[in-house]
Structures are given as structure tokens and as C-alpha cells.
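Mapping of the sequence shown onto the working numbering: position 136 corresponds to residue 512, and the numbering continues sequentially without gaps.
Just so you know, even glycine gets a beta-carbon here, dropped at the ideal spot from N, CA and C.
Note that the structure is predicted; figures quoted are calculated from it, not measured.
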Amino acid sequence: MSYKEYRQMIDQLLAEDKTTGSDHSEDMIHYTTMNVHRMARLDKRVALTDEIQNRLEQLSSNLIWLVLTEAWCGDAAQNIPVIAKIADASESIELKLILRDEHPDIMDQYLTNGGRAIPKLICLDTETLEEKGTWGPRPEAAQKKVRNWIDNTELSKEEWAAKLHKWYAKDRGKELQAEFVDLLKEWT
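Here it is in C-alpha cells:
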């Protein structure tokens, strides 16, 4: 599905007091509701950097970006709007979103440290469907912070998640865009 279809699906599910996946608990509905606000904010505020725009102009092949996601995932809400904005800025990139829990066969080929971490982007050549590379579940700078918080602090998951979302708010997609400048060089 497209990013627009993904957003519409989430709105429809929330109207029915549901989210994606099988867990429709109050907590998961709450996370999904927060994520709708995050995505709306990013849709309005994220501006593409000159570096990513220049790189997009230099693309020499057509790509499919297949992204595994779920509506309740905070990292997905913080990254997919930026990924969508990058893809929308290039006629050479087609963005397709699929739900992780509906595609375990695909997800299990792209585990992060043995876990089903999302979002996970798989870059494919449009003509051959050859895999060019992957990205996810979060920018490397954020991933390092999370590893440090988990390994070296007494922070609970809720505490480090709050710190992570503050990092995302301050960063406004800049680290992600910088990573994609380099990744697009590798993938094309």
C-alpha cells in the first residue's frame, strides 16, 4: 500500500478502536493514536535537505522501497513520513508499505539482532527485483543511543523510549536523510 493508503487505514482502524496486528489493547490503541499525531507533525514539518535532493536527482535506476511496518510502532511513525517524503521527491522510487505481522515470512528474513524490529526497508531494483540493500529500524545515531540506554543504564523501556522520541523531535529527520544520501549511492 502507499503511504497515503497506510495513513487512511490507520485512521479507519482507530475509528473502530483497533490498530494493526492482533493486539487491540488500550495501550496499543494509545500508541497508535500518538503515532498518528507524530506522522501528521512530520508530514507538515520535515523539509528535505539539499544533500538528499541532489542525490535523488542523480539516481540512475528505478527502485522499489518495500517497508515492513505496524501502526503502533513509534520508530515507524518517526521514520516512515520522512522516507515517504524522500520517495515522493523522486520519480525513480516507488514506496510500498506492508504490515509486519501479516508477512512473517518476509520479516523473518530481515531480523535485527534476532528480533522483528521495524520499520525495515528493503530496497529492490524495479526491473529485476534484485535486493540492493536494507535499512532499519532506526537511524544509526538513534540505534547507538538505544543500545547504550539498554546496556549501560537503569532506564526502563518507557524511559528510554521517551528519550528516543525527544531525540527524533530534535533531529527532524536529518540523520535519516543523511544516511539515505549514502545508501542511495550504494544502491544505485
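If you check the CB distance, P515 and E555 come in under 8 Å. For the pair V443 and S378, the Cα-to-Cα distance works out to about 10 Å. The C-alpha of D464 is placed about 14 Å away from the C-alpha of N455. I386 places its beta carbon 8 Å or farther from that of V422.
Here S398 is near D477, since their CB atoms are less than 8 Å apart. DSSP places K394 outside both helix and strand once states are collapsed to three, so it counts as coil. With a cut-off of 8 Å on Cβ pairs, the stretch 491-511 is in contact with the stretch 427-447, counting three or more such pairs. Secondary structure note for L559: its alpha helix (DSSP H) is the uninterrupted segment K550 to W563. Shown here, L531 sits in coil according to DSSP, grouped into three states, outside any helix or strand. Closest in C-alpha terms to A447, from the list T408, R414, W563 and E427, comes T408. Here Q553 is near V458, since their CB atoms are less than 8 Å apart.
Partner residues in the beta bridge of C499, as assigned by DSSP, are W441 and G509. The beta carbons of L559 and G509 sit closer together than 8 Å. Note: G491 is bridge-paired with T488 in the DSSP secondary-structure output. Straight-line spacing of the CA atoms in E551 and A517 works out to 7 Å.
Boundaries of the alpha helix (DSSP H) harbouring E433: D426 to E433, taken from the DSSP string. Bridge partners of K380 according to DSSP: none are assigned. Only residues of its own chain outside the window of five on either side were considered, and among them H400 and I405 have a CB closer than 8 Å to the CB of K394, listed in chain order.
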